[in-house]
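Colleague:
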Amino acid sequence: MNDRSVISMTLKGMEMSMTGNAVRAAGVSALALLALCGQALAQSGEAQPNITDPHFKIAPGYLKKTDLPDSLILLGPPPEKYSAALARDEEARKATISLRGTARWKLAYTDADLAFPQAADNFSCAMDIKIDEKQTPRLYAMMRKMLSDLGLSTYGVKNKYNRVRPFVVHNEATCRADQEAILRTDGSYPSGHTAAGWGWALVFAQISPERSNELFKRGIAFGQSRVICDAHWQSDVDAGRIMGAATVARLQTNATFLADLEAAKAEVAAAKAKHAVPTADCAAEGIALSGQ
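Numbering (mature numbering (1 follows the signal peptide of the UniProt record, and there is no 0)), first residue to last: -42 to -1, 1 to 250.
#1: For a test of the three-state rule: what should DSSP assign to W63, helix, strand or coil?
#2: Quick test of the definition: if touching needs 3 or more C-beta pairs under 8 Å, does the segment 128 to 135 touch the segment 148 to 162?
#3: Under three-state DSSP, which class holds residue 271?
#4: Suppose contacts are defined by Cβ-Cβ distances below 8 Å. Is R199 in contact with G181 by that definition?
#5: Check each candidate in E220, R184 and T132 and name the one with the smallest Cα separation from T152.
#6: Between which two residues does the alpha helix (DSSP H) carrying D71 extend?
#7: Considering D194, what are the terminal residues of the alpha helix (DSSP H) in which it resides?
#8: Could you tell me the alpha carbon to alpha carbon distance between Q137 and A70, rounded to whole angstroms?
#9: How far does the alpha helix (DSSP H) with R96 in it reach, from first residue to last?
#10: Check whether the segment 19 to 32 touches the segment 111 to 125, taking contact to mean three or more Cβ pairs, one atom from each stretch, closer than 8 Å.
#11: Count the other C-beta atoms from every protein chain shown that fall within 10 angstroms of the C-beta of L216, then say buried if there are 16 or more, exposed otherwise.
#12: Could you compute how far the alpha carbon of A43 sits from the alpha carbon of A203?
#13: Please check the pair D188 and R102, which I expect to be a contact at CB under 8 Å, by giving their CB distance rounded to whole angstroms.
#14: Do the CB positions of D79 and A238 come within less than 8 Å of each other?
#15: What do you reckon, are the CB atoms on S166 and M100 nearer than 8 Å?
#16: Considering Cα atoms alone, identify which of D25, S106, A228 and P36 is closest to A197.
#17: For E220 and V195, I'd like the C-alpha separation in whole angstroms.
#18: Starting from the Cα of K175, find the closest Cα among A73, P148, S193 and A246 and give me that residue.
#19: Tell me whether S41 is buried or exposed, calling it buried when 16 or more other Cβ atoms sit within 10 Å of its Cβ.
#20: Roughly how many angstroms separate the alpha carbons of A61 and S248, rounded to a whole number?
#21: Alpha helix (DSSP H) containing P124: first to last residue?
#22: Please return the same chain residues whose Cβ sits closer than 7 Å to the Cβ of T68, not counting the five positions on each side in sequence.
#23: Spatial neighbours of D107 within its chain, please: CB distance less than 6 Å, with the 5 preceding and 5 following residues excluded, ordered by chain position.
#24: Excluding the 5 residues preceding and the 5 following L(-7) in the sequence, name in chain order all residues of the same chain whose CB lies nearer than 8 Å to its CB.
#25: State the DSSP-derived secondary structure class of G145, mapped to helix, strand or coil.
#26: Taking the alpha helix (DSSP H) that E168 belongs to, which residues open and close that run?
#27: Please determine, among R134, R123 and L160, the residue with the shortest C-alpha to C-alpha distance to R142.
#28: Just reading off the alpha helix (DSSP H) that D218 is part of, what are its end residues?
Put into structure tokens, the structure is as follows:
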């Protein structure tokens, strides 16, 4: 068994032994373990990007690092000081200030949580079924694997520019005080959360094309939650969508992903035949989204 297999089994075992709340509560220990795993990967000869956001280091993805789309090729630099692009970012931030403390702000809070099962719950209403380990295990596992690929695709540019986040520039609070320490050291451009949300939405629309409009709308809103949360600039979100789409395109050539995609289509169809509706308050989510 190679180092990657051992690491994958270790991480899988760690995740299976914790609930979503326990994972967050044990953040320091988890980060320490992940750092050790990163060292083991380096010793195995596979270079890894400098990943400062732990969301994108937990589950092994479908793609090798060399197969990921290269953000250094696909994206330019973030907006420069005094540029029209930066002025647009500032206007987009100001336009969301009135949403702070509202239902939309609270939705941005939950959208910021990429831990499972919350990450799956975020898209259950748009898919019109509950996405979970029991009912849709293949889809649930796909989301976790894709999260790593989608997030890692952003790190070339993240590491090069290490853009400062809007809440730091303006000395403000985000919608997630518990994540701010990590965000202060993790580059803002492009948005890994947005890449994940948009990538998920694109694949979900493949699985359930009759829900594509709802899924695309939710995927767009998921990215905009980062601006509303004051965790990202609008240009970070725009660039995150590019990397999400590029990663999904690359996944279409991966045999393991394609097999999982077909299995997920079958289990989603079966769940819908049983009328297994989401347990989330979809009416409340719809009201919150109308406030964006």
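All residues carry an ideal CB built from backbone N, CA and C; glycine is no exception.
Predicted model only: the values in this text are computed from it and were never measured.
Modeller: From the atom records:
#1: The residue labelled residue 63 in the question sits at position 105 within the sequence shown. Three-state DSSP puts W63 in a helix.
#2: no
#3: One cannot answer for residue 271 here, as it falls past the ends of the chain, which runs -42 to 250.
#4: As a first step, residue 199 must be located in the sequence shown, where it is residue number 241. As a first step, residue 181 must be located in the sequence shown, where it is residue number 223. Yes; because the gap between Cβ atoms is below 8 Å, this pair is in contact.
#5: Along the sequence shown, one-based indexing puts residue 152 at 194. For T152, the nearest C-alpha among the options comes from R184.
#6: Residue mapping note: residue 71 aligns to position 113 of the sequence shown, counting from 1. Looking at the DSSP string, D71 is not in any alpha helix (DSSP H), and its letter there is neither H nor E.
#7: The residue given as residue 194 occupies position 236 in the sequence shown. Start and end: Q192 to L209.
#8: Mapped onto the sequence shown, residue 137 falls at position 179. Mapped onto the sequence shown, residue 70 falls at position 112. Rounded to the nearest angstrom, the two C-alpha atoms are 9 Å apart.
#9: Here residue 96 is taken as the residue at index 138 of the sequence shown, counted from 1. Taken as a continuous stretch (DSSP letters only), the alpha helix (DSSP H) holding R96 covers P95 to L110.
#10: yes
#11: Here residue 216 refers to the residue found at position 258 of the sequence shown. By the 10 Å Cβ count, L216 comes out exposed.
#12: Taking the sequence shown and counting its residues from 1, the one referred to as residue 43 is at position 85. Taking the sequence shown and counting its residues from 1, the one referred to as residue 203 is at position 245. A43 and A203: Cα-Cα distance of roughly 22 Å.
#13: Sequence index remark: in the sequence shown, residue 188 carries index 230 (1-based). Sequence index remark: in the sequence shown, residue 102 carries index 144 (1-based). Their Cβ separation, rounded to whole angstroms, is 27 Å, which puts D188 and R102 out of contact at 8 Å.
#14: Position 121 of the sequence shown holds residue 79. Position 280 of the sequence shown holds residue 238. For D79 and A238, yes; Cβs fall inside 8 Å.
#15: Counted from its first residue, the sequence shown places residue 166 at position 208. Counted from its first residue, the sequence shown places residue 100 at position 142. It is not a contact, given that the beta carbons lie outside the stated cut-off.
#16: As a position in the sequence shown, residue 197 is number 239, starting the count at 1. If we check each option's Cα against that of A197, P36 comes out closest.
#17: Within the sequence shown, the letter at position 262 stands for residue 220. Within the sequence shown, the letter at position 237 stands for residue 195. So the alpha carbons of these two residues sit roughly 30 Å apart.
#18: Reading the sequence shown from its first residue, position 217 is the one you call residue 175. The residue with the shortest Cα to Cα distance from K175 is A246.
#19: Reading the sequence shown from its first residue, position 83 is the one you call residue 41. Label assigned to S41: exposed.
#20: If you number the sequence shown from 1, residue 61 lands on position 103. If you number the sequence shown from 1, residue 248 lands on position 290. Whole-angstrom Cα-Cα distance: 10 Å.
#21: Here residue 124 corresponds to residue number 166 of the sequence shown, with the count starting at 1. That run of the alpha helix (DSSP H) goes P124 to V127.
#22: Taking the sequence shown and counting its residues from 1, one reaches residue 68 at position 110. Q76 and N80, listed in sequence order.
#23: Locating residue 107 in the sequence shown gives position 149, where the first residue counts as 1. Closer than 6 Å at the Cβ level, and outside the excluded window around D107, lie G19, Y20, L21 and T205.
#24: For the purposes of this step, residue -7 is taken as the residue at position 36 of the sequence shown. Because L(-7) carries a pLDDT of 31, less than 50, the predicted location of this residue cannot be relied on, and the following value inherits that uncertainty. Around L(-7): no qualifying Cβ.
#25: Here residue 145 refers to the residue found at position 187 of the sequence shown. Three-state DSSP puts G145 in coil, outside helix and strand.
#26: For this step, residue 168 is matched to residue 210 along the sequence shown. Segment: none, E168 is in no alpha helix (DSSP H) and carries neither H nor E.
#27: Your numbering for residue 142 matches position 184 in the sequence shown. Of the candidates R134, R123 and L160, the one whose C-alpha sits nearest the C-alpha of R142 is R123.
#28: Taking the first residue of the sequence shown as position 1, residue 218 is located at position 260. Here the alpha helix (DSSP H) through D218 covers A213 to A231.
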